[in-house]
Structure formats: structure tokens, C-alpha cells
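Just below is one structure, and these are the notes that go with it.
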Amino acid sequence: MWPSLVQTAKEGGCNAIESYVFWNGHEPSPGKYYFGGRYNIVKFIKIVQQAGMHMILQIGPFVAAEWNYGGVPVWLHYVPGTVFRADNELWKHYMESFTTYIVNLLKKEKLFAPQGGPIILSQVENEYGVDFNLSPTNNELHSFDLNIIPGISEDNDSEYGGLRNEGASVFAAEEPNPESEDLDVNVEEDHDTEDPFVGEEGQNENGGNPNQFNGDQGSTSKKNCTNRQRWEVYIALLGRSVRGKLGKTAIKEVATLHSMHIRTVQRIWKRAKDTPPGAMVDVSQRRKNRCGRKRMQIDLQRVLDTPLHKRTTLRTMAEAIGISHSTLYKNVKEGLMRRHSNALKPHLKEENKVARLRFCMTMLDPASLSHEPQFIDMYNIVHIDEKWFYMTKRTENYYLLPEEDDPLRTCQSKNFIGKVMVLVAMARPRFNAEGVETFSGKIGVFPFVTVQPAQRRSRNREAGTLEIKPVTSVKREHVRKMLLEDVIPKIREKWPLEDDGKIIYIQQDNARTHVAPTDTDFQEQASQNGFDIRLMCQPPNSPDMNVLDLGFFSAIQALQHKVCPKSIEQLIDAVKTAFEEYPARKINHIFLTLQLCMQETMRIGGSNNYKIPHIKKEALEREGLLPRQIKCDLTIKEEEEKKREKMAKTLFRLLESPS
């Protein structure tokens with residue numbers, strides 16, 4: 001209806017629409033605002049804007065527009081001590097809260113002219129001096145109304161959800177009145193529907209059919225009270241109370257006025273009286289989460305007794321414990337059970353656990369052992385490892401429009417997807433006191449490939465054209481050659497000058513193809529140009545002791561899969577690009593995670609059955625509190641030394657015993 005009326009006004013020659021903002025319609029209960037249906041002021045103003053017209057807005061609070069009480073809410077009549085349109089603190093408080101809320105709402109929607117909206121004029125209107133000259137008091141009130149506008153130039157929305165219990169002290173001292181009608185309070189709470197004042201048009205806001213409260217048995221349905229009705233009842237009772245006591249007929253009057261059962265009114269009043277002194281009164285319905293069919297409870301012991309192989313999917317588990325799939329799913333969503341992805345971990349023998357403990361102990365800073373043990377900064381350790389990178393994944397996820405066709409991806413064989421093995425060398429990044437990166441820690445990415453001439457002619461290239469071929473079987477001589485010709489020269493080229501003369505360790509795993517720390521060719525090359533570079537091996541079966549396996553490989557692989565390489569050259573370029581784009585600060589986070597893993601390894605005696613700890617590194621870094629080294633508890637250190645000695649003795653006995 002609004003668009004047609006606005007358009008008619010425009011066709012009649014008008015260029016602006018003037019409208020009131022009715023307080024009683026938008027704040028039916030204290031602090032509870034309503035903008036639904038015909039009270040949707042934002043929608044109305046936007047319709048005016050779409051019609052190309054201006055808007056003049058009069059934001060109450062008093063509106064002499066043929067409306068009862070001048071548009072002032074009914075509930076305000078029952079707030080003790082309130083005097084309308086006068087120099088009254090309660091009146092000014094509630095009036096300012098309402099006007100502030102309305103103005104901030106319109107500002108948020110950018111509806112004022114300086115914001116590009118249609119509202120060219122707006123004022124707070126109390127209509128003083130309509131039929132008489134303004135008195136000095138009214139002049140002051142008029143000035144107060146005008147001065148509200150600067151006060152609400154900032155966003156200070158009034159969002160209070162209930163009234164403070166102004167009569168709490170009176171309620172606390174109240175004596176039982178045997179003659180009062182609010183004695184019968186030991187009855188069940190009425191079942192209220194959740195209705196935050198936003199109802200459909202045509203809904204009976206007085207609680208349904210009044211006949212149901214007057215003894216008419218023809219209607220069998222009971223309409224539950226809305227929150228709006230409950231607040232109106234409470235305010236009406238509060239206005240009729242004297243020192244927290246109601247008169248003999250007060251409850252009956254309010255029940256009749258609101259077409260509500262007398263017992264419901266009694267319960268609302270009791271809820272308000274039971275509020276502790278100084279707390280917020282809340283007479284809203286409490287039906288939420290207390291109605292409907294009772295939830296089916298799952299016997300958690302049956303879940304524990306069910307073997308893990310029957311708990312791999314929700315359907316399998318639901319069948320095993322004898323409940324429906326939907327019931328089990330609801331319990332998972334509510335947090336009664338959790339989903340766990342279980343990855344296979346390397347099997348550790350006793351000697352492996354001893355080696356892991358010994359390795360973690362060597363990573364403690366010797367200077368800190370006497371007072372507060374902590375790990376070394378690991379700035380002089382270069383981690384190296386190899387990984388296969390593939391042209392594409394066997395399965396991919398895409399987001400498509402409903403009418404799009406499913407993409408078709410084909411290959412000769414899933415077992416022969418194009419791939420290349422890459423050796424990555426990574427050290428810990430460094431930052432100055434201001435947090436500026438001084439050394440990225442990225443030594444390099446080195447693919448295992450060969451350049452060969454094409455033996456035959458094809459439609460893609462002529463015979464003899466040089467092609468890059470991946471090395472499909474990497475041997476020790478390939479690794480040695482890459483260390484001597486690529487890794488060590490890159491370390492010399494990129495290593496920070498302040499570490500001149502310090503030992504640099506290259507940490508590798510125990511793969512058979514890796515070079516031994518005593519390799520003469522490596523030692524000769526690593527000691528040239530004043531450098532002292534040495535090889536060290538991490539514990540066997542311990543990928544969690546290497547930053548590359550711990551997180552860096554998976555990170556750059558995710559970046560690499562964002563592109564779609566068509567050849568080995570493009571695949572290598574994608575890996576190198578992902579390597580260079582990965583942020584140095586995140587590499588630093590992985591090194592801290594490595595130290596946390598070492599701490600957990602020491603705590604559980606060298607095992608790998610632990611959860612990776614999380615210390616919220618991103619948040620700590622934003623606050624400038626990210627540690628450079630992780631501290632190790634003294635009790636952990638002492639306990640693990642005892643465990644290591646015990647395990648070493650056990651291992652020694654095993655080696656001494658005859659086979």
C-alpha cells in the first residue's frame with residue numbers, strides 16, 4: 001500500500017513526505033523495540049527514497065495526532081514518579097533513550113541527507129505551546145528537546161533488555177497480605193510461546209479469544225501469552241502497587257483489561273517479586289528448551305562398549321548401539337560425541353623412544369638448565385627433506401551452479417599421474433626488535449630432474465629437443481650431488497652475516513639414500529670459505545621432529561594445488577612459487593610447534609601418542625607476546641631423565657641377553 005500512496009503524492013505535485021514516529025508503536029514494552037508490519041519505519045523511508053522524494057521526520061515523543069495519550073506508551077503511565085512533558089528526570093530519561101535509538105537506527109541505514117538519504121529535516125517534537133504561550137519551564141523543556149540532537153550524534157544505542165527492579169527493596173520487606181488476591185501462586189508456569197513482539201498481521205495481541213478467560217467452554221484451544229503481553233501486565237501491576245503491595249482488585253482489573261486469566265497475572269507478579277534486589281526484572285516466557293517431546297537419551301556406556309571399527313560412520317554406529325541415525329547425529333551436533341580423524345603414526349620400539357628422548361634433551365639450552373630450562377632458538381639448524389609433488393589429485397572438490405555439468409577429468413592410469421620429487425631446505429626465519437623480517441629462512445627448493453634430448457619426433461616437439469624428465473628413483477648419489485652442488489652453495493649465499501664462524505647443522509631423517517654425517521666429500525665441501533656445516537640425523541621414525549613434515553610440506557602443497565600445471569616444468573614452477581609465497585612468520589610458528597612437540601615427547605617418555613599443543617600463536621604475535629623459545633618445566637626434565645635411564649637399562653639388558 002505504501003508505494004502506491006507515495007507515488008500518488010508525487011503525481012499530485014508533492015516533493016516531500018512528512019511522518020511522525022510513534023513511540024507507543026515502536027516501544028510497546030520498556031527496552032523492547034518493534035519494527036514489524038506497518039511499524040517498519042526503515043522500509044517506509046526507503047520507499048520514499050526510491051520514489052525520488054524527500055522526507056521530513058518528527059520523532060515524537062508526544063504526538064497530537066488523534067492518538068490516545070499522544071502516542072506515549074501505556075507502560076510509561078505506570079512507572080511511578082513519571083510526569084509527562086515536564087521537567088521530570090524519568091520522563092527525560094525514557095524520552096532520550098527512545099529518540100537516541102531511533103536516530104541511531106536511521107543513521108545505521110544511512111537515511112539522513114548528509115549520508116545520501118532522503119531525510120532532509122528531523123526534530124524531536126513535544127508540541128509545547130500549541131494553545132498557549134511558552135512558560136519559562138516549557139522554554140527549558142523545549143531547549144532540552146533541541147539539545148538531544150547533538151547528544152545523539154554518536155552511536156549510543158539504547159539496548160536495555162529489562163527494567164531494573166525499582167521495587168525490589170519494597171518486595172523484600174513485604175509482609176504476606178491474606179486479603180490480597182495474589183495468593184494462589186503455587187500453580188504451574190503457563191506455557192508461553194517465544195514472541196519478541198514481532199507477530200503476523202491480524203494476530204490477537206491480547207492473548208487470543210477473550211471468551212476463554214470468561215468461562216466460555218466452546219473454545220478448547222489456549223493461546224499462550226507473548227512476551228509483549230507479559231511486560232504490559234507487569235507494568236500495569238507496577239503502576240497499581242503501593243510499596244510492593246497490590247490492592248484487592250488490582251489483579252482482577254489487569255486480568256480483565258488484558259483479557260488474561262487471573263492465575264497468569266498472579267504468576268507474572270510473583271516472578272517480578274522474586275527478583276533479587278538490584279537485579280533485572282525479567283517476566284519473559286520460559287518456554288524455550290522446556291517444551292516438546294523429551295529427547296531420547298543415549299546410554300554412553302553402550303558407546304564405550306562398542307568396538308572402534310563399528311564407530312567409523314554414524315550409520316554403522318547407530319546400528320551398533322540400537323538408535324536412529326538422526327538421533328545420533330543430533331547428539332554429535334550437541335557435543336555429546338566428537339568426530340576424530342585418526343592417522344597412522346610410525347611404530348616406535350623402545351630404542352626409538354630412547355633416541356627421541358635423547359634428541360629432545362640435546363635441544364635444551366645448556367645455559368638455562370640450572371634455573372628455567374628452555375629449548376635453543378634453533379637458528380643454526382637447516383631442515384632438509386624430500387617430497388613427491390603431483391600434477392593433480394585423484395579426487396577434487398568443486399563448487400558448481402545447479403545447471404552446470406560435472407567436469408570430466410581423465411588420465412591414462414591413476415598410478416602414473418605426473419609427479420616430481422623435490423628436496424626442500426628450510427631454516428628458522430629471523431626478525432628484528434620491530435618485527436621486521438631480516439632473514440626468511442628459505443634456503444631453496446631443488447627438484448630431482450634431468451635434462452634429456454627427445455629421442456623421437458612427436459606432434460608436440462621435434463626429435464632432439466631438450467626435455468625435463470623427473471628422476472623416478474632417487475639414490476644416494478643424487479642426494480649427495482644435490483647437497484654439494486645446490487644446498488651448501490645456497491646456504492653460503494643466504495646465511496646471515498652475524499653468524500659468521502658459527503656451526504651450521506643440516507638436519508635430515510634416516511632414509512637409506514641420505515648421506516652419512518661422516519661422508520668425506522660432504523665434509524670437504526662443507527668446510528670451505530670459512531663455513532662449518534655439519535650433518536645431523538633426527539631420531540628414526542620421527543617425522544614430528546622435522547618442521548617440513550610437521551607442517552611446511554602440507555602448507556605449500558595446498559598452495560601448489562591452487563594452480564593447474566600441465567607439464568613438469570609448470571609443476572616445478574608452481575612448487576617454487578608456493579615456497580616463495582609462504583609467509584616467514586608462519587614458518588616461525590612451525591618451529592615453535594616443533595618445540596611444543598618436543599616438550600610433549602619428553603612428558604610422555606619418548607612416545608608419539610600426544611596431541612599437538614596449541615598456544616594461540618597468531619593472537620600472541622598480534623599482542624607482541626609470541627615467545628622465541630618454549631620453556632620446559634623442570635619436573636618434566638627430571639622425570640624424563642629418570643625414564644630415559646630406566647629405558648636405557650632395559651634396552652641394555654635386551655642387547656646383552658642371548659637371542
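Numbering-wise (the UniProt record's numbering), the sequence shown opens with residue 1 and increments by one.
Idealized CB from N, CA, C, for every residue including glycine.
Original post:
Taking the Cβ atom as the reference point for each residue, do Ile503 and Arg534 lie within a distance shorter than 8 Å?
Top reply: In contact: Ile503 and Arg534 (Cβ atoms closer than 8 Å).
Original post:
Three or more C-beta pairs closer than 8 Å, one from the segment 601-613 and one from the segment 333-343: is that the case here?
Top reply: Flag = no, the segment 601-613 and the segment 333-343 do not touch.
Subject >> Near the ligand SAM: Phe522 beta-carbon under 7 Å from a heavy atom >> reply: What this structure holds is no ligand at all, so the ligand SAM is not there to describe.
Subject >> Element boundaries [alpha helix (DSSP H), containing Tyr20] >> reply: Boundaries around Tyr20 are those of the beta strand (DSSP E), Ala16 to Tyr20, since no alpha helix (DSSP H) includes it.
Original post:
If you run the structure through DSSP and keep just helix, strand and coil, what is Phe389?
Top reply: Note: Phe389 maps to strand in three-state DSSP.
**OP:** Please list, in chain order, all residues of the same chain as Ile56 whose beta carbon is under 6 Å from its beta carbon, the five residues on each side excluded.
**Re:** Answer for Ile56: Ala16, Glu18 and Leu121, listed in chain order.
**OP:** Could you spell out the range, first to last residue, of the beta strand (DSSP E) harbouring Met55?
**Re:** Run containing Met55: His54 to Pro61, per the beta strand (DSSP E) assignment.
Subject >> Leu105 vs Ile45 beta-carbon contact at 8 Å >> reply: No; because the gap between Cβ atoms is not below 8 Å, this pair is not in contact.
Original post:
Would DSSP call Ile590 helix, strand or coil?
Top reply: Of the three classes helix, strand and coil, the one that applies to Ile590 here is helix, per DSSP.
**OP:** Using 10 angstroms around the beta-carbon of Ile612, count the other beta-carbons present and answer buried if the total reaches 16, otherwise exposed.
**Re:** The residue in question, Ile612, is exposed, as its Cβ has fewer than 16 Cβ neighbours within 10 Å.
Original post:
Can you name the residues that DSSP bridges to Ser29?
Top reply: Under the DSSP definition of a beta bridge, Ser29 partners with Lys32.
Original post:
How many angstroms separate the CA atom of Lys576 from the CA atom of Ile568?
Top reply: Across the structure, Lys576 and Ile568 are spaced so that their CA atoms are roughly 12 Å apart.
Original post:
Going by other Cβ atoms of all chains shown within 10 Å of its Cβ, with 16 needed for buried, is Pro539 buried or exposed?
Top reply: With 16 or more other Cβ atoms within 10 Å, it is buried.
Original post:
So is Gln217 buried or exposed if we call it buried at 16+ other beta carbons inside 10 Å?
Top reply: Any reading at Gln217 must be qualified, since the residue scores a pLDDT of 38, below 50, and its modelled position is unreliable; the value itself is stated next. Its Cβ having fewer than 16 others within 10 Å, Gln217 is exposed.
Original post:
Counting along the chain, where does the alpha helix (DSSP H) carrying Gly239 start and finish?
Top reply: Run containing Gly239: Asn227 to Gly239, per the alpha helix (DSSP H) assignment.
Subject >> Extent of the continuous beta strand (DSSP E) run through Arg534 >> reply: Under the DSSP assignment, Arg534 falls in the beta strand (DSSP E) whose first and last residues are Asp532 to Cys537.
**OP:** Sort out for me which residues DSSP pairs Gly444 with in a bridge.
**Re:** DSSP lists Ala425 as partners of Gly444.
**OP:** Taking only the alpha-carbon atoms, compute the straight-line gap between His561 and Tyr582 and give it to the nearest angstrom.
**Re:** Distance between the alpha carbons of His561 and Tyr582: 14 Å.
Original post:
For the beta strand (DSSP E) that Glu437 lies in, which residues bound it at each end?
Top reply: Its beta strand (DSSP E) spans residues Glu437 to Phe439.
Original post:
Under a Cβ-count criterion, where at least 16 other Cβ atoms within 10 Å of its own Cβ denotes burial, should Gln203 be classed as buried or exposed?
Top reply: Interpretation of Gln203 is limited by its pLDDT of 37, a score under 50 that renders its predicted location unreliable; the figure taken from the coordinates is listed afterwards. Gln203 comes out exposed.
**OP:** Quick one: using the 10 Å Cβ neighbour count with 16 as the cut-off for buried, is Ile102 buried or exposed?
**Re:** Answer is buried; the Cβ neighbour count reaches 16.
Subject >> Unbroken alpha helix (DSSP H) run spanning residue 660, endpoints >> reply: Since the first residue shown for the chain is 1 and the last is 659, residue 660 is missing from the structure and cannot be characterised.
**OP:** Pick out the complete beta strand (DSSP E) segments inside the segment 233-310, 3 residues or longer, and give them in chain order.
**Re:** Segments of the beta strand (DSSP E) lying fully in the segment 233-310: there are none.
Original post:
Where does Gln374 sit, in a helix, a strand or coil, going by DSSP?
Top reply: Here Gln374 sits in strand by DSSP.
Subject >> Own chain, CB closer than 7 Å to Cys411, minus 5 neighbours either side, in chain order >> reply: For Cys411, where only same-chain residues beyond five positions count, the Cβ hits under 7 Å are Ile417.
Subject >> Nearest-angstrom Cβ-Cβ length linking Ser73 and Asn24, presumed shorter than 8 Å >> reply: One detail in the question is off: residue 73 reads as Pro in this sequence, not Ser. About 4 Å separates the two Cβ atoms, so the contact holds.
**OP:** Can you say whether Asp6 is buried or exposed, counting buried as having 16 or more other CB atoms within 10 angstroms of its CB?
**Re:** First, the amino acid is wrong: residue 6 is Val here, not Asp. If you draw a 10 Å sphere on the C-beta of Val6, you find 16 or more other C-beta atoms in it, and that means buried.
Original post:
Apart from the five residues on each side of it in sequence, which residues of its chain come closer than 6 Å, Cβ to Cβ, to Ala355?
Top reply: Listed in chain order, the non-local C-beta contacts of Ala355 below 6 Å within the same chain comprise Pro539, local neighbours out to five positions each way being set aside.
Subject >> Minimum Cβ-Cβ distance from Ile251 to chain B less than 8 Å >> reply: Among the chains in the structure shown there is no chain B, since it carries only a single protein chain.
Original post:
Going by DSSP, which residues form a beta bridge with Glu467?
Top reply: DSSP lists Gln452 as partners of Glu467.
Subject >> Contact set for Trp388: own chain, Cβ-Cβ below 6 Å, skip 5 residues either direction >> reply: Excluding residues within five positions, the ones whose Cβ falls inside 6 Å are Lys419 and Met421.
Subject >> Extent of the continuous alpha helix (DSSP H) to which Ser329 belongs >> reply: The question names Ser, yet the displayed sequence has Tyr at residue 329. That run of the alpha helix (DSSP H) goes His325 to Lys333.
Original post:
So is Pro366 buried or exposed if we call it buried at 16+ other beta carbons inside 10 Å?
Top reply: When all chains shown are included, Pro366 counts as exposed.
Subject >> Boundaries (first-last residue) of the beta strand (DSSP E) holding Ile321 >> reply: Careful: Ile321 lies outside any beta strand (DSSP E), inside the alpha helix (DSSP H) at Leu314 to Ile321.
Subject >> Range covered by the beta strand (DSSP E) that runs through Gln508 >> reply: First-last of the beta strand (DSSP E) with Gln508: Ile503 to Gln508.
Subject >> Residues bridged to Lys631 [DSSP beta-bridge criterion] >> reply: The partner list for Lys631 (beta bridge, DSSP) reads Gln374.
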